[in-house]
Structure formats: C-alpha cells, structure tokens
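Enquirer:
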Amino acid sequence: MLETRRDALPTVDYDAESYAVCAIVESAAFLEARVNEVWFAATEPIPGSARQRLAGLNVAQVDAIREFAERPGSDRLPVIDKLDQTLVCATGRGIDRGTRPAQDVCGLVKLRDAFVHFKPKLQWDNDAHTLQKRLIQLMPANPLMQGAKPWFPHHVLCAGVAQWACDKSAEFIHQWEQALGLTNTYSIEYALIITEG
169 MLETRRDALP TVDYDAESYA VCAIVESAAF LEARVNEVWF AATEPIPGSA RQRLAGLNVA
229 QVDAIREFAE RPGSDRLPVI DKLDQTLVCA TGRGIDRGTR PAQDVCGLVK LRDAFVHFKP
289 KLQWDNDAHT LQKRLIQLMP ANPLMQGAKP WFPHHVLCAG VAQWACDKSA EFIHQWEQAL
349 GLTNTYSIEY ALIITEG
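In our numbering, the protein residues as written are 169 to 365.
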C-alpha cells in the first residue's frame, strides 16, 4: 500500500488522495453502468444483440426487466434500488442488504455521494461523522491517520480504501450477475479477472 512506504512522519499526499477519490467515484459509477447496460440490452430493439448480452435470462425475465426499465421515474432511482429491482424482476428475490458485499456497496455509494455532493459544515473532533459510523467496520484503516480527527474525509483518502472500493464493487456485481442468471458477465466481456479472498 502507498501509505506504508512513507517516512515515519505522515504527510498529506494530495495526488494519492485524489486517486482515492477517483477510485471511489469510478467504483460507484461502475455499479450504475452495469445495471444500465442490462437495462439497455433489455430494451434493445435488435433482439440478437440483446440475447448475447442477456445470455442466461429467459424471455419472461427480459420482458420484466424491460417493463421496469421503461417505467417513468425508474431511471432516477438510486443505483442500489436499480440493482435490487432488476434482480426482483428476473428472480423474484432482491438484494440482501444486510450482508457483505451489499453493505460495502451501499456504504461506497454514500461515500461517493459525500464527495460528489459535498457541503461544507463544521465538524467537531469529538463528533463521529455519519459515514464513520456506517463505514469504519467495512473499510481498511488509513495507517497515516491513526488517531487523527476529524475522521472524514482524510481517513477514507488512502490506497486501502481505493482498493476496497474497486474490489467490493467488482465482487458485488459478480454476485449480482450470478444471482440474476447472466452467463455473459462483465468479467467475460471485458476479460477481467475476479479474485476472491
């Protein structure tokens, strides 16, 4: 990890922090892009293309996803709800948000929102940030910020959290695609390697 290669005195590496923000934002964008790809394929007017991208789903499942995707307002749902409702349309079961990696992904989206829609406000050192309560048990600690306060944003701006964001979004989508029944997954389409562990 980048943080472990520093000298004894921690310093703020703004480049590393910006990389962490990018990893967080892009990992959340990946979730949205993947569900939107499935929705697009379900509404695709060229059946051959849709069949390939939705391999593993039957006609009734694709029709249910299409009907939901075309419903007014569905495109404005939070990404977790889009993923959940797509799964419900195809299988009758939604995402178990009480388990990992769903908890991680829900936290990741909240973290992305905190950066993208940041509103400055006073935060006292002895007050825990709302994200801290939600995320501290899910993500790795920032070794450069041990004991530093306030927790947000500096504790999440590290290589460990960047890696967590990438890994958990990929793990979640991998499980979501399996639960959905897709056989032509993003990891096959883009020759990505998913490592578990």
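Glycine is no exception: its CB is placed at the ideal position from the N, C-alpha and C atoms.
Note that the structure is a prediction, hence the values are computed from the model and not measured.
1) From R234 to C257, what distance separates their C-alpha atoms?
2) Measure the Cβ-Cβ separation of A218 and A232 and say whether it is below 8 Å.
3) Along the chain, which unbroken stretches of the alpha helix (DSSP H) at least 4 residues long are found entirely within the segment 275-338?
4) Measure the alpha-carbon distance for G241 versus A184 and round it to whole angstroms.
5) The alpha helix (DSSP H) that contains R202, what's its start and end?
6) Assuming L348 contacts T259 (C-beta within less than 8 Å), just tell me the rounded distance between them.
7) For the alpha helix (DSSP H) that contains A228, what are its first and last residues?
8) Could you tell me whether the Cβ of K301 comes closer than 8 Å to any Cβ of chain B?
9) Do you know how far the Cα of V227 is from the Cα of P308?
10) For Q229 and Q343, what's the separation of their Cα atoms in angstroms?
11) In terms of residues, what are the limits of the alpha helix (DSSP H) holding D252?
12) What's the C-alpha gap between V273 and K336?
Expert: Answer, in terms of the structure:
1) On the sequence shown, position 66 is the one that residue 234 refers to. On the sequence shown, position 89 is the one that residue 257 refers to. About 9 Å.
2) Residue 218 sits at position 50 when you count from the first residue of the sequence shown. Residue 232 sits at position 64 when you count from the first residue of the sequence shown. Taking 8 Å as the Cβ cut-off, A218 and A232 do not qualify as a contacting pair.
3) 298-303
4) Here residue 241 corresponds to residue number 73 of the sequence shown, with the count starting at 1. Here residue 184 corresponds to residue number 16 of the sequence shown, with the count starting at 1. If you take the alpha carbons of G241 and A184, they lie about 38 Å apart.
5) Taking the first residue of the sequence shown as 1, we reach residue 202 at position 34. The continuous alpha helix (DSSP H) containing R202 extends over residues 182-211.
6) Position 180 of the sequence shown holds residue 348. Position 91 of the sequence shown holds residue 259. That belief holds up - the Cβ atoms of L348 and T259 are roughly 7 Å apart, short of 8 Å.
7) Looking up residue 228 in the sequence shown gives position 60. Its alpha helix (DSSP H) spans residues 227-237.
8) Any reference to chain B falls outside this structure, which holds one protein chain only.
9) Here residue 308 is taken as the residue at index 140 of the sequence shown, counted from 1. Here residue 227 is taken as the residue at index 59 of the sequence shown, counted from 1. Going by the C-alpha atoms only, they are around 42 Å apart.
10) Numbered from its first residue, the sequence shown carries residue 229 at position 61. Numbered from its first residue, the sequence shown carries residue 343 at position 175. Distance from the CA of Q229 to the CA of Q343, rounded to the nearest whole angstrom, comes to 18 Å.
11) Reading the sequence shown from its first residue, position 84 is the one you call residue 252. That run of the alpha helix (DSSP H) goes 247-259.
12) Numbered from its first residue, the sequence shown carries residue 273 at position 105. Numbered from its first residue, the sequence shown carries residue 336 at position 168. If you take the alpha carbons of V273 and K336, they lie about 7 Å apart.
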